[in-house]
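Quick mapping for you: the protein sequence lines, in order, are chains G and F. The first sequence runs 1 to 768 under my numbering. The second sequence runs 1 to 768 under my numbering. Beta carbons: idealized from backbone N, C-alpha and C, even for Gly.
Protein chains: 2
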Amino acid sequence: MLNSPQLKSNPSLLVFLPLFYTVWSDAVLTPSEIATIEGLINSQQWLSKQEQDFLLTQLNPSSPPSANELISWREEIKKGADQTEGKTLVDIGFKLVSLHNKGIVPESVFQAKPALINIEATLGFISHEAAFNFQSGTRDTVTQQQITQHTFDVDALTKILDGKNEAIIHKVKTVIADPEFNYVDPGDINTYREKVLQWCHLLADQGFGAMAYPKEYGGQDDMASYFAIMETLSYHDLSLVIKFGVQFGLWGMSVYFLGTEKHHKKYLKDIGSLELPGCFAMTETHHGSNVKGIETTATYDPSTKTIVINTPHVYARKEYIGNAACHGQMATVFAKLIVDGKDYGVSAVVVPLRDKNGKTLPGITIEDCGRKMGLNGVDNGKIEFRNVVVPLENLLDRYTGITDDGKFTSTISSDNRRFFTMLGTLVGGRIGIPRAGLSASKSGLTIAIKYGDQRKQFGPEAAAEVPILNYRTHQRRLMPLLANAYALHFSLQYLTERFLKRSEKEMQEIEALAAGLKSFTTWNATATLQECRECCGGKGYLSENRIDDLKNDTDVFTTFEGDNTVLMQLVAKSRLTEFKQEFGHMNLFGILNYVADQAKTSITELNPITVRNTDEEHLLDPEFQLHAFKYRERDILTSAAKRLKRHIDSGMDSFDAFNVSQHHLVQVSFAYIERLVLEKFIEQVNNTKNEGCKAILKKLCDLFALSQIDKNKGWYLEQGYMEGVKTKAIRKLVNQLCWEVRQEAVPLVNAFAIPESCLAAPIVVNGK
Amino acid sequence: MLNSPQLKSNPSLLVFLPLFYTVWSDAVLTPSEIATIEGLINSQQWLSKQEQDFLLTQLNPSSPPSANELISWREEIKKGADQTEGKTLVDIGFKLVSLHNKGIVPESVFQAKPALINIEATLGFISHEAAFNFQSGTRDTVTQQQITQHTFDVDALTKILDGKNEAIIHKVKTVIADPEFNYVDPGDINTYREKVLQWCHLLADQGFGAMAYPKEYGGQDDMASYFAIMETLSYHDLSLVIKFGVQFGLWGMSVYFLGTEKHHKKYLKDIGSLELPGCFAMTETHHGSNVKGIETTATYDPSTKTIVINTPHVYARKEYIGNAACHGQMATVFAKLIVDGKDYGVSAVVVPLRDKNGKTLPGITIEDCGRKMGLNGVDNGKIEFRNVVVPLENLLDRYTGITDDGKFTSTISSDNRRFFTMLGTLVGGRIGIPRAGLSASKSGLTIAIKYGDQRKQFGPEAAAEVPILNYRTHQRRLMPLLANAYALHFSLQYLTERFLKRSEKEMQEIEALAAGLKSFTTWNATATLQECRECCGGKGYLSENRIDDLKNDTDVFTTFEGDNTVLMQLVAKSRLTEFKQEFGHMNLFGILNYVADQAKTSITELNPITVRNTDEEHLLDPEFQLHAFKYRERDILTSAAKRLKRHIDSGMDSFDAFNVSQHHLVQVSFAYIERLVLEKFIEQVNNTKNEGCKAILKKLCDLFALSQIDKNKGWYLEQGYMEGVKTKAIRKLVNQLCWEVRQEAVPLVNAFAIPESCLAAPIVVNGK
């Protein structure tokens, strides 16, 4: 076209060039659209018949311009585009005409403007953007402009997160940043396990292992710091954390809480220094969640005053036992205590497994569990006992003893209550694990958010590429999870404090709280790390960027220390008693009656204006948010109680009734935990003095609250608690909050203050 | 109590024993409850004052019975319980009295029955279950009874699934069941990679690699079988599948589809036989999803008629390239083609990387990507080119050529269209990958469901433990995923057929379908395998049980062959054109106008009776189900179009408008894919002749349809398409369908007919 005689004789034909180029380079015209353009051309009086015919040949689908022709058109158009401020194809066309016509656009051509504009609209071009394609560097969208802002003091926020544990957290970070703690490749399991053991020794040397033990046994009597150590170590290798927890938490604490002074004297110091590596041998192949059903026996032999530990069959072997495959020299073994032929239920006995040289002792057979999805630095094993004899003093006898005359004795008469009391002493694990899982989530979020802030991909036509964290879907994927991480941080702090200051009376509540938060937090960790992996694309799949290990190492957190689904059932049953002080298994029906009765009066009338209120002020009001959460909690709980009662009243076996209601009961627990997490987050916001920190925490709290409501909107709509206009307004506000939080996302993950040596991911630490 | 003189003199006191035992062994009484029991005792005229006092001492919280005493009470009670059919504690009490009183219950005691029953109720005991605790083996709940049923012919269902590919599927299964294909430990990457290469050679020897190539180059011209091979291999090691796919799919098909006869003659035979291992070098560190932005250059040198391949900077290296780190001898390299100083956009050039001995050629630098989350049997690498010179004939010139006089030439003038046409030829990968992901999901489901059917944990008080698959939560976790697997199977078959019979005109639709199904299926695979892992508890975490590898190997499926989130945006944009035949980028606005206009008339009025209809017959009617899916699809699509138009009309940059609507657009794609999947599943049910198979497929189809509606209930309620009564009824029906499908779950996974040697998981294959 450009070299055609027609154009040479009438440069005004150039007014069509931008339109023709766009049509050929991008769109495929339908016959009716071609007819529209033909109509335009034929209607232009200033064109000769010959010129009209020429222009029409340029639109013939069977003879398109060549690739080179298109490129030369484009170059020509760019000249015009660069010299005009106009944005439409017509503006550029006029400039082209003027450039080739001594600066003049003939009046006749100029009068064609409305018709040309009309064609652009008919073809569906966005007129005011048409020029971007030819004017490089001029386009500036809101999406491109979004960048990281700093509105708060990162160090101040870190101090709020660390709280009273600041000093020990700092110390642990210093230790694990030492080059001795450089990560190892998990491929060779043996090397990895030995390295993890060596790390544990270094930590024990720092006094971290014995931290929670009494001072007389080398400890500091400081359980708060022990939890902070676990949490901080979890920024590093998770195998290390679990090995550490098995040794000093499970093995040590079982001796400490289930044993008496003689055991403390004999073992605790060596456990705390890692002189005496040991195991916590509870789970069996056929009995995991149902601990009560374990089949290993501990039979008292009065003639020798010894206890005989035996594994009755291969599926009663202890399985998944950490420290068992390689390093454990002793174990707290959970077994049914048999005295005088009678089964007194689950008790705990210290049983030697290996001598100091690591040789397995007679009667003990240990098999390696082999490679796992993660945590391959921990040596899990299966243990079989063939009539292994230990002295009576090895019975951990805080709750179960045998008298000199060979009689069973206990301070707790009921088997049931003794069992739950024993297990209750081990609740600490259900605090340590979610805190570890949360740390892993924070690492994942730090990596994914920093990467998303740097990584650019796609962008507006003819403009720079955009950081992927500026995309709304990317924000929707990561920002609510960032809010969750902050929310759970404060809840787990609350749980820890409740546990540290616990009284006997509060134990049932604290156990339910721990079980619920353990489940909620570890599921959240799995979801968070999965999302972080995907959000980092191929880079997230490379092991060097750490999300692989973070995800796979923490994956079992939803299973161990109590399977999450089973725990959520327990939490629900515990919640059913919130109206009563205490309860046992058998009088649950009474509680159901009571709850169902209460329900008749406890649900308040809904205000017809509130259910439609979409004011931002209202939606961001903590009072509204908390009311929504509490309403849901109470309503689901009472409806579960009524449903169970209805089934049982109708003659259904209570076991079936609970089974039919399982899904409902899980919701009871979720609603409870979600309410608690929001409540604690709101308290934290209110108690924060630093204004910058308070503002960003309020924003995160809003995002947590509203994204939970959005997630549960089906329920709220079903109940009539909200109408569609309101749930839509909430969704919109969640998107808006994601957009706002994204601007502070990098400072927010910086406030986690995870050591660079722990993050280690080259995509973040090395910049790309 | 048992040996007390009071009891000896008045055996009727035994009527209280079951009550007292239950109270002590289980419940904790509140003061008011103790007062209630005291009231009962004091009101009994047949008790002497002394006896009353004695009984009251037995309730003193400060002096509970000892553990041994409780056990002896229990033994005593069991004697009574075993001799009565009665179920309440009172029934057992009367029996005890009678046993100790020469078969007689004194009339005075008998008259206390209503008061005693009343106490049981007051304390909240479930009277008719009270005796279960003492009568072992008598309790029989519905939950315990549920077992696997066989209502259909498993082989017939397998035939339906395999369809026309039965023979090749059988052949592949036979080959991979050979001991040569025993799994290897992924710990040592080098050993693993060599083993995978060796497996690929064995498969190539079977003619599997060349299957889709023309007969003249050693193939069978059979693309359908090629897909079936990929799918079946995916029951085995996923590294093998990807290595296989890289060699024969990506490398081979790029030569086949982007090259011309000279390339086919030169390379295809050796590619199909694995004589010539090669790579598909498209992705760069800085450009993954945005392929158009790649920076590698292929510059034509007219003086030597050669092409110079160059990597301009380190972030423009080819990354994640399969076969690159070790085995690839050549690569299809995607680069910007520069001719005479002009950039003609992305083209593909065959570039040698290594000589026959595996030595890297001059100018080529390859770095190993190292350990990954999974697929460690594939040798991914980064490739850098330093002015590597190849002859012009290496340009794959089906779409882009250079003439003898050094001019660029193409059958497609527009850069844009040429780019998308080239990429479109590679759509096969977006069919192979979801089919592979679905196979992995089927393996995971087979393992988790068979394990759940065998694994027992917990049970009613004093009764046998229950298979965990009988628990409602477990069913809710796995059964909808089983339904998804079946649903997606038929959709992917449909997609494959559409692809095999494709015409040029249908390509845009098929590409959108492939992109959408790829995303949906691979996300579903990630979710399925995560759930399977958790449902198998600790056993699921052990690598030997395979879910580890299945999950980690397929995790990147959501990223490669197009990041799922990016693909879903593309699908949505494509869906916006469903009203028009064809469109380009620039005239999208016209389409938005059109869709928004159409919307005004297309949404039908909702029937006020239907929105509340909870009849099972209605909910299971495919017409209702499909209407709900279609309504959602259409409504979300038109509202997205209206929203985009509103933003652009208001002057928002279209890039920002699309960004603001991203989340909405993803929903457009989900709604489209979900509708399509349901539609194809319903068709399959209708076309199934075998009655047994038809019935179970109908049940799975219902479960798929209703669990999707349940998942989206927030949307349906928001739109007023359903009221709360209906969504509640649907939830209930989903639970019921889960319960019913569970009974056939084992036969249903058996119908996948996955070779035992592939499943390999000891928890399933060896029974426990």
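Spatially closest choice to residue i from the options, by CA coordinates
{"i": "F/G341", "options": "G/A572, G/T496, G/S72 and G/S289", "result": "G/S72"}
{"i": "G/T57", "options": "G/R74, G/E261, G/S48 and G/E38", "result": "G/E38"}
{"i": "G/A67", "options": "F/H474, F/E509 and F/I412", "result": "F/I412"}
{"i": "F/E534", "options": "G/G540, G/A512 and G/N564", "result": "G/N564"}
{"i": "F/W251", "options": "F/D237, F/L238 and F/K269", "result": "F/K269"}
{"i": "G/F20", "options": "G/L567, G/A695, G/I119 and G/S669", "result": "G/I119"}
{"i": "F/A842", "options": "F/Q625, F/P467, F/I591 and F/L161", "result": "Given that chain F is displayed from residue 1 to residue 768, the structure contains no residue 842 of chain F and the question cannot be resolved."}
{"i": "G/V351", "options": "G/N607, G/T421, G/N323 and G/C279", "result": "G/C279"}
{"i": "G/N690", "options": "G/K159, G/G720 and G/I673", "result": "G/K159"}
{"i": "F/K711", "options": "F/R476, F/D343 and F/I242", "result": "F/R476"}
{"i": "F/V109", "options": "F/R74, F/Q44 and F/E504", "result": "F/Q44"}
{"i": "F/L197", "options": "F/L240, F/L233, F/T174 and F/N182", "result": "F/L240"}
{"i": "G/C532", "options": "G/V566, G/E756, G/Y471 and G/K450", "result": "G/K450"}
Nearest-angstrom Cα separation, counted from residue j out to residue i
{"i": "F/K518", "j": "F/S543", "result": "27 Å"}
{"i": "F/R742", "j": "F/K456", "result": "15 Å"}
{"i": "G/T283", "j": "F/Q149", "result": "32 Å"}
{"i": "G/N310", "j": "G/G516", "result": "35 Å"}
{"i": "G/R417", "j": "F/D26", "result": "7 Å"}
{"i": "F/L89", "j": "F/A131", "result": "6 Å"}
{"i": "G/M722", "j": "G/I696", "result": "27 Å"}
{"i": "F/A773", "j": "G/A331", "result": "Residue 773 of chain F is absent from the model: chain F starts at 1 and stops at 768."}
{"i": "G/K195", "j": "G/G377", "result": "8 Å"}
Spatial neighbours of residue i in its chain, beta-carbon cut-off 7 Å, leaving aside the 5 residues before and after
{"i": "G/G584", "result": "Because G/G584 carries a pLDDT of 48, less than 50, the predicted location of this residue cannot be relied on, and the following value inherits that uncertainty. Result list for G/G584: empty, nothing under 7 Å."}
{"i": "F/I229", "result": "I168, V172, F208 and M211"}
{"i": "G/L733", "result": "E616, L619 and L706"}
{"i": "F/Q667", "result": "I636"}
{"i": "F/G219", "result": "A210, M211, A212, Y213 and G272"}
Cutoff 6 Å; reference residue i; Cβ partners in own chain excluding five residues on either side
{"i": "F/G437", "result": "T521, T522, A525, T554 and F557"}
Residue i: first and last residue of the uninterrupted beta strand (DSSP E) it sits in
{"i": "F/L337", "result": "M330 to V339"}
{"i": "G/D343", "result": "K342 to P352"}
{"i": "F/I366", "result": "I364 to D368"}
{"i": "G/A298", "result": "T297 to D301"}
{"i": "F/G278", "result": "G278 to A281"}
{"i": "F/P391", "result": "V388 to P391"}
{"i": "G/I307", "result": "T306 to N310"}
{"i": "F/E623", "result": "F/E623 -> not in any beta strand (DSSP E); alpha helix (DSSP H) instead, spanning P622 to D649."}
Residue i: first and last residue of the uninterrupted alpha helix (DSSP H) it sits in
{"i": "G/P762", "result": "P762 to V765"}
{"i": "F/N735", "result": "G724 to Q743"}
{"i": "F/F257", "result": "G252 to L258"}
{"i": "F/G486", "result": "Per the sequence shown, residue 486 of chain F should be read as Tyr rather than Gly. F/Y486 -> alpha helix (DSSP H) spans R472 to L500."}
{"i": "F/E33", "result": "P31 to S43"}
{"i": "G/Y320", "result": "G/Y320 -> not in any alpha helix (DSSP H); beta strand (DSSP E) instead, spanning K318 to I321."}
Beta-carbon contacts of residue i that lie in its chain and below 8 Å, excluding the five residues immediately before and after
{"i": "G/F704", "result": "P480, A483, N484, Y486, A487, V677, L678 and F681"}
{"i": "G/L492", "result": "I431, P434, R435, L438, L517 and T521"}
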